[in-house]
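Novice: Before we start, here is the structure in question, set down as structure tokens.
Protein chains: 2
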Amino acid sequence: MSLIVQKFGGSSVANAERLLNVARIVTDTYRAGNEVVVVVSAQGDTTDDFIAKAAELNARPSKREMDVLLSAGEQISMSLLAMTIQTLGCTAISLTGWQAGIQTDINYSEARIRKVKPERVRSELDRGRIVIIAGFQGINKQDDITTLGRGGSDTTAVAIAASLGADLCQIYTDVDGVYTADPRIVPNARKLTEITYDEMLELASLGAQVLHNRSVEMAKKYNVDLEVVSSFTRNPGTKVKEGSDMEKMNVSGVARDNNCARIAVINLPDEPGVAFKVFSLLAKHKINVDIILQSVGKNRVKTISFTVPQDSAEETREVLANAKGQLGFEDLSVNTEVAKVSIVGAGMASNSGVAAKMFEALAMAGINIRMISTSEIKISVLINEEDSEKAVKAIHNKFFSEE
Amino acid sequence: MSLIVQKFGGSSVANAERLLNVARIVTDTYRAGNEVVVVVSAQGDTTDDFIAKAAELNARPSKREMDVLLSAGEQISMSLLAMTIQTLGCTAISLTGWQAGIQTDINYSEARIRKVKPERVRSELDRGRIVIIAGFQGINKQDDITTLGRGGSDTTAVAIAASLGADLCQIYTDVDGVYTADPRIVPNARKLTEITYDEMLELASLGAQVLHNRSVEMAKKYNVDLEVVSSFTRNPGTKVKEGSDMEKMNVSGVARDNNCARIAVINLPDEPGVAFKVFSLLAKHKINVDIILQSVGKNRVKTISFTVPQDSAEETREVLANAKGQLGFEDLSVNTEVAKVSIVGAGMASNSGVAAKMFEALAMAGINIRMISTSEIKISVLINEEDSEKAVKAIHNKFFSEE
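Top to bottom, those sequences are chains S and G. Counted from 1, the first sequence has number 157 at position 158 by numbering that gives the first Met the number 0; the numbering is strictly sequential. Counted from 1, the second sequence has number 302 at position 303 by numbering that gives the first Met the number 0; the numbering is strictly sequential.
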């Protein structure tokens, strides 16, 4: 008998028909002889509807009260799912975040899970019940309801799986796994059978949008086997785990991120500590900097370029402009018409030809590289946004059609 | 400084405009120098919508899961009200049933409050906050959410008021007080300034539909001063309390209940214990019997007539028909075209002319009395349903125009 945690997102439980579909997946898993814990998000547009209702009443509602409001969403979906499972002849019980022992810090709207006390869940499983838990929510030390912010339900699922020592944590979503590239761009992209936590982390942060990084980081930390799987098909998904026999694959995927902007701070004085000044200023404003390029010009000046998320571009411009006198640069340029394309693979570090192969693919496609960044398991390039689909196709073709 | 509990029903918080109206009432009370605890129901049709959603998924959903679902309704309305109060510049905090310490027995869907632990509410009041509590819900000893059934939010308000030693518990509703008769039937009905708990209990059970009996019983038990008041006007309402100077008023109101049925068990053997057999059988089926009339006929048989709520009439007929052999009666008749009209007043017992005056009014209006029942503070008559409005008008005219 295995213990399996299954997480279903809002679109998977959006209406009666889909709830029935989810109930069938859950009861099939239970009847195959497994213990099953289910984590659910709020139905479809519930959260957006609540946010709109609140906005009508208060332009800046308190975060505490927003959490009270939003957490009602999962309470609704979890009870409806429990009732649906009961019609299929299994016993099910739904538990809110606090009933399931999800203890968080006190940061309303973006709380972090501090501890899971799994006693209640464990005892319900011991009574032969399917346990349904509200995702995205917990309780803080003041006995107040908190919500976990983006990726919250995935994180709840992994935390519950870790605390119970589950054999598998399945994340059901509207795609049926992790692909070597976005199938909407590269129709012959292949589904990966397995991928490591680190590769998944790189793919997620690069825009693959399958799993939220928080949940993958937690899965890695507690060594929880994840599976990304579709709630609409019954095909096997992609397993995410610590792998040893995965080195054979140099490159596991190609990802694209159009949500970035390139900032250039032009003609800074070429003095020691000037880069530190720029980036400590941005860090103070919690602006997340990714690729950095520094070029020394003539006449003892240099230019520092870097990328930030597109929605931080305007703030970055303001912060730097306000510090122009202090930093001593001549000009600023902001370009949001850029995209980052990356290849990710655990075997990349030990294979020196990978970068050359990627650059060759881009050169053959006539695409100009503006910035480059590399790590142990990824190579990212910044290119013009208009070239990004072509770049993904060319790189994918190079690595996955030639193999 | 007084401590005031204010309860608002579903129609009072149904939309943004009404929430703002309620928020104004609450903040006005607070700014007048009072401590304020607010108890809210779910918005407008929320509960009905939830019930419909559940019915779509499961014809007989478990009561536990229904309580999880329904309790989300007050969680939504209380957080929205808190946000609305915040826009008016007061600090407010919303608490669910379990956060507010409402402990119940384990009967899902119709739980009884066993205890209120007011520490959290008290400490929030001490911090100068307006405290908003979800009505209708609590938590049982298994840490599961329960709901209180009909009249639940009124009961929550009274229980909170009792536990905090509040000075007043205001029940805001869509009528602005308790009248000497239903103003839709008797346009010149007068609003009562004060009424005793016992009178209110009689009026409520007789169909006045202003306050649920459970809440009045609890208010009487813990001596909580109630006030029935409208959330749409700012007029003074009706106070419900233990009164000593109220005897001066013989009759405080006329009530009508069309939701009753008259059952006649015809020609039972005239033997000792036969009435006991009939009513213990009905009690076993939890059928609530009101007025009873027994008439002895010829040939050692007798007929027992009684009233039951109209929606119990069919069940009563079945229960009795199944026991026909055992009880030995000849025939059964069920008549749902009847109504009960009652006068209520704490001063009635000491004034022997009241009953005669009521019967005179009915006789003058040509209305036939089918059954009569009296208690210390009320006189009820059963008449044909078609006469009920005329009866209320005639009786009201007799008692309140002649005074």
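Backbone N, C-alpha and C fix where the C-beta goes; we use that ideal spot for every residue, glycine too. Predicted model, so just to flag it, every value in this text is computed and none were measured.
Is residue 67 of chain G close to chain S? Criterion is C-beta to C-beta, closer than 7 Å.
Specialist: Yes - at least one Cβ of chain S is within 7 Å of the one on residue 67 of chain G.
Novice: Between residue 79 of chain G and the ligand NAD, is the CB less than 6 Å from at least one heavy atom?
Specialist: Absence of the ligand NAD is noted for the structure shown, with no ligands found whatsoever.
Novice: Which residues of the stretch 42-70 of chain S have a Cβ closer than 9 Å to any Cβ of chain G? Give them in chain order.
Specialist: Cβ contacts with chain G come from 49, 52, 53, 55, 56, 57, 58, 59, 60, 61, 63, 64, 65, 66, 67, 68, 69 and 70.
Novice: Compare the Cα-Cα distances from residue 241 of chain S to each of S/197, S/74, S/167 and S/212 and report the closest residue.
Specialist: Nearest of S/197, S/74, S/167 and S/212 to residue 241 of chain S, Cα basis: S/197.
Novice: Which residue from S/49, S/375, S/366 and S/345 puts its Cα closest to that of residue 252 of chain S?
Specialist: Nearest C-alpha to residue 252 of chain S: S/345.
Novice: Under the DSSP definition of a beta bridge, which residues are partnered with residue 259 of chain S?
Specialist: Answer is S/308 and S/337, bridged to residue 259 of chain S.
Novice: Within this structure, are the beta carbons of residue 147 of chain G and residue 110 of chain G separated by less than 7 Å?
Specialist: Yes, these two residues count as a Cβ contact at 7 Å.
Novice: Can you tell which of G/283, G/301, G/278 and G/284 has its C-alpha closest to the C-alpha of residue 290 of chain G?
Specialist: Ranking the options by Cα distance to residue 290 of chain G, first place goes to G/278.
Novice: Alpha carbon to alpha carbon, what distance is there between residue 236 of chain G and residue 285 of chain G?
Specialist: One C-alpha to the other measures close to 36 Å.
Novice: Would you kindly work out how many angstroms separate the C-alpha atoms of residue 69 of chain G and residue 63 of chain G, rounded to a whole number?
Specialist: Rounded to the nearest angstrom, the two C-alpha atoms are 10 Å apart.
Novice: Roughly how far, in whole angstroms, is the beta-carbon of residue 339 of chain G from the beta-carbon of residue 306 of chain G, given that I think they are within contact range, below 8 Å?
Specialist: So it is a contact: roughly 7 Å between Cβ atoms.
Novice: Do you know offhand how far residue 98 of chain G's Cα is from residue 121 of chain G's?
Specialist: Residue 98 of chain G and residue 121 of chain G: Cα-Cα distance of roughly 12 Å.
Novice: Which bits of chain G does residue 15 of chain S rub up against, with CB to CB less than 7 Å?
Specialist: By Cβ distance, chain G contributes 55 and 56.
Novice: Could you round the C-beta distance between residue 334 of chain G and residue 260 of chain G to whole angstroms and report it? I think they count as a contact, below 8 Å.
Specialist: Confirmed, about 7 Å.
Novice: Please list the partners that residue 86 of chain G has in chain S, where partner means a Cβ-to-Cβ separation under 9 Å.
Specialist: Those are 56, 57, 58, 59 and 60, listed as they occur along chain S.
Novice: Can you find a CB in chain S that lies within less than 7 Å of the CB of residue 342 of chain G?
Specialist: Residue 342 of chain G does not count as touching chain S.
Novice: I'd like the list of long-range same chain contacts for residue 245 of chain G, defined as Cβ closer than 7 Å, with 5 residues on each side in sequence excluded.
Specialist: Reliability fails at residue 245 of chain G, whose pLDDT of 47 lies under 50, so the model's placement of it is uncertain and the value that follows must be treated cautiously. So the qualifying residues of the chain are 193, 195 and 345.
Novice: Can you find the residues in the same chain that come closer than 8 Å, C-beta to C-beta, to residue 118 of chain G, ignoring five residues on each side of it along the sequence?
Specialist: Correct list, in chain order: 100.
Novice: Identify the residues that DSSP records as bridge partners of residue 370 of chain S: which are they?
Specialist: In the DSSP output, where bridge partners are listed per residue, residue 370 of chain S has S/381.
Novice: Check whether the stretch 161-181 of chain S and the stretch 213-224 of chain S touch, using three or more Cβ-Cβ pairs below 8 Å as the test.
Specialist: In short, these stretches touch, since the Cβ pair count reaches three.
Novice: Which chain G residues are close to residue 83 of chain S, counting only those with a beta carbon under 7 Å from its beta carbon?
Specialist: Near residue 83 of chain S (Cβ distances below 7 Å), the residues of chain G are 56 and 57.
Novice: For residue 139 of chain S, count neighbouring Cβ atoms within 10 angstroms of its own Cβ and tell me buried if that reaches 16, exposed if not.
Specialist: That one is buried.
Novice: Under 7 Å, Cβ to Cβ, is there at least one residue of chain G near residue 225 of chain S?
Specialist: No, residue 225 of chain S does not count as interfacial toward chain G.
Novice: What is the residue span of the alpha helix (DSSP H) that residue 392 of chain G lies within?
Specialist: Here the alpha helix (DSSP H) through residue 392 of chain G covers 387-399.
Novice: Can you pull the chain S neighbours of residue 376 of chain G, defined as C-beta to C-beta under 8 Å?
Specialist: None at all; the shortest Cβ gap to chain S is about 43 Å.
Novice: Going by CA-CA distance only, name the one from S/75, S/24 and S/267 that's closest to residue 294 of chain S.
Specialist: Nearest C-alpha to residue 294 of chain S: S/267.
Novice: Which residue marks the beginning of the beta strand (DSSP E) containing residue 137 of chain G, and which one marks its end?
Specialist: That run of the beta strand (DSSP E) goes 136-138.
Novice: Which residue marks the beginning of the beta strand (DSSP E) containing residue 405 of chain G, and which one marks its end?
Specialist: Since the first residue shown for chain G is 0 and the last is 402, residue 405 of chain G is missing from the structure and cannot be characterised.
Novice: Would you be able to state if there are at least three C-beta pairs under 8 Å between the stretch 169-181 of chain G and the stretch 322-334 of chain G?
Specialist: Short answer: they don't touch.
Novice: Counting pairs of Cβ atoms below 8 Å between the stretch 377-386 of chain S and the stretch 40-60 of chain G, do you hit three or more?
Specialist: No, the stretch 377-386 of chain S is not in contact with the stretch 40-60 of chain G.
Novice: Between residue 9 of chain G and residue 41 of chain G, is the Cβ-Cβ spacing less than 7 Å?
Specialist: Contact: yes.
Novice: Report the three-state DSSP secondary structure of residue 406 of chain S (helix, strand or coil).
Specialist: Shown here, chain S extends from 0 to 402; a query on residue 406 of chain S therefore has no answer.
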